[in-house]
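In terms of this note's numbering, the sequence shown opens at residue 215 and continues consecutively. No residue lacks a Cβ here, since even glycine has one placed at the ideal position from N, Cα and C. Quick caveat: nothing in here was measured; it's all calculated off a predicted structure.
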Amino acid sequence: MLALTPIWALYYALKAPIERCHDSFISRVLVAALACSGPMARTFSRYQWRMKEAARMNDLQPPRQRPSIRWLKRAVYLAYWNENGLTRDALLERLGRLLSRADCPALPDANGGDDLEIRPSLLTVIRLKSADEEHEGGKVKTLVEARVRLSGLALGAVGVGLVAAFAGAVFGPPSLAAGATALALAGLVRLGLEVAYCGQLAYHAVEQCAEEIGLTALGKPVRAAAGDAAERGAPGSAVAAKIMLTTLPLISRSRAPR
C-alpha cells in the first residue's frame with residue numbers, strides 16, 4: 215500500500231479534471247499532494263487518539279528511566295537490577311503476555327538470534343534481545359536491547375518509490391519527476407514516524423513489565439521533575455506528568471476511529 219499510494223496519487227493528479235485557466239504544473243503538484251496527504255492525515259489522527267487514550271489509562275505506569283538510544287542502529291537499550299534471582303525469562307514472559315493483550319503478539323525469533331520478534335504493523339519489526347549478568351547472592355543485572363527494523367514489504371515499497379522517482383526524473387516530464395520525488399519523500403517520512411512509534415512501543419512495554427515484576431531501573435530517572443512539581447503543589451501536576459510520560463497505549467482494547 216505504501217508503494218501504491220504515491221503511484222495512485224500521481225495518476226490521479228495527471229487525470230484530474232482541472233479548468234484550462236488553472237491547469238498548470240503547480241496545480242497538478244497540489245492535487246497529487248492532497249491525494250497523498252489524506253492517508254497521512256488519518257494516520258496522525260490515529261496517533262493523536264492513541265495518545266489521548268493512553269492518558270486516560272489508570273493501570274499503565276509511566277516509565278522510570280530514560281532509554282539509551284542509538285539512532286544509527288535504530289535501537290533502544292535498558293538496564294535493570296534485582297536481588298531476588300529474577301532472570302530475563304521472567305521479563306520476557308511478562309512482556310509476551312502484555313503484548314498479547316494489546317493485540318500485538320511477541321513470537322520467538324525464527325532464526326534464533328533474538329529472544330522475541332514483535333510485528334506491530336506490516337511495515338516494521340521489533341527485534342528484542344536480552345542478557346543477564348549474574349552476581350553473588352542472587353543478584354542479577356538484566357540488559358535489554360530493542361531494535362526496530364523495516365519489514366520486507368516496507369523495503370520493497372521504498373525500492374519501488376525510489377525507482378519510480380528516478381524513472382520520472384530521467385524519462386518523464388518535469389511535473390512527473392517532481393511529483394514522484396515529493397511522494398517518495400512523503401513515504402520516507404511516513405516510515406520514519408512508524409519507526410519512532412515502534413521504538414516508543416518497545417520502550418514503554420519493557421518498562422511496564424519490569425516494574426510489574428519488581429526490577430529496579432538503572433538508567434537516568436524520569437520521574438524526578440514530576441515529583442518536584444507535585445511537592446510544590448502545582449495544580450494538576452500529577453495528572454499532567456502522567457499524560458506527558460505515558461505516550462502509548464499498550465492494554466487498551468477499544469478500536470481507533472477511522
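Would you give the residue range spanned by the beta strand (DSSP E) that I221 belongs to?
Note, I221: premise wrong, no beta strand (DSSP E); alpha helix (DSSP H) at 218 to 229.
My output table needs one value for G450: the three-state DSSP class, helix, strand or coil.
Caution is warranted here: a pLDDT of 37 is assigned to G450, below 50, making its placement in the model unreliable, and no coordinate value can be reported.
Using a Cβ-based criterion (distance less than 7 Å to any ligand heavy atom), does S314 qualify as near the ligand MG?
Absence of the ligand MG is noted for the structure shown, with no ligands found whatsoever.
Which first and last residues belong to the alpha helix (DSSP H) in which H418 is found?
388 to 426
Let me know if C250 comes out buried or exposed under the rule of 16 or more other beta-carbons within 10 Å of its beta-carbon.
For C250, the number of other beta carbons within 10 angstroms of its own is at least 16, and it is reported as buried.
Whose CA, out of G401, E426, R288, lies closest to the CA of P253?
G401
Which same chain residues, not among the five before or five after C318, have their C-beta less than 6 Å away from its C-beta?
P334
Could you tell me the alpha carbon to alpha carbon distance between C412 and I232, rounded to whole angstroms?
In this model, C412 and I232 are separated by some 41 Å (Cα to Cα).
If the criterion is Cβ atoms closer than 8 Å, does the pair L397 and P281 meet it?
no
Where do the ends of the alpha helix (DSSP H) carrying E307 lie?
302 to 315
Can you tell me the Cα-Cα spacing of G310 and L218, whole angstroms?
34 Å
Pick from Y294, A223, L342: whose alpha carbon is nearest that of G348?
One detail in the question is off: residue 348 reads as Glu in this sequence, not Gly. Measuring from the Cα of E348, the nearest candidate turns out to be Y294.
Report the residue from E331, T356, A368, G382 whose alpha carbon sits nearest the alpha carbon of G433.
Nearest in C-alpha terms to G433, of all of E331, T356, A368, G382, is T356.
With C-beta atoms as the reference, is G382 less than 8 Å away from A371?
No; because the gap between Cβ atoms is not below 8 Å, this pair is not in contact.
What residue from A410, R256, S389 has the CA that sits closest to V362's CA?
A410
Name the residue from K353, L399, L342, L429 whose alpha carbon lies nearest to the alpha carbon of Y417.
L342
So who's on the other strand from L292, going by DSSP bridges?
V358
Tell me which residues share the same chain as L364 and place their Cβ nearer than 7 Å to its Cβ, disregarding the 5 neighbours each side in the sequence.
Result list for L364: L337, T338, L405, in chain order.
Less than 7 Å between C-beta atoms, sequence neighbours within five positions excluded: which residues of the same chain meet that for E426?
R308
Provide the residue span of the beta strand (DSSP E) that contains L286, from first to last.
Taken as a continuous stretch (DSSP letters only), L286 belongs to no beta strand (DSSP E), as it is neither H nor E.
Where does L321 sit, in a helix, a strand or coil, going by DSSP?
strand
If we call anything under 8 Å between Cβ atoms a contact, is R476 one with A345?
Not covered by the structure: residue 476. The range shown for the chain is 215 to 472.
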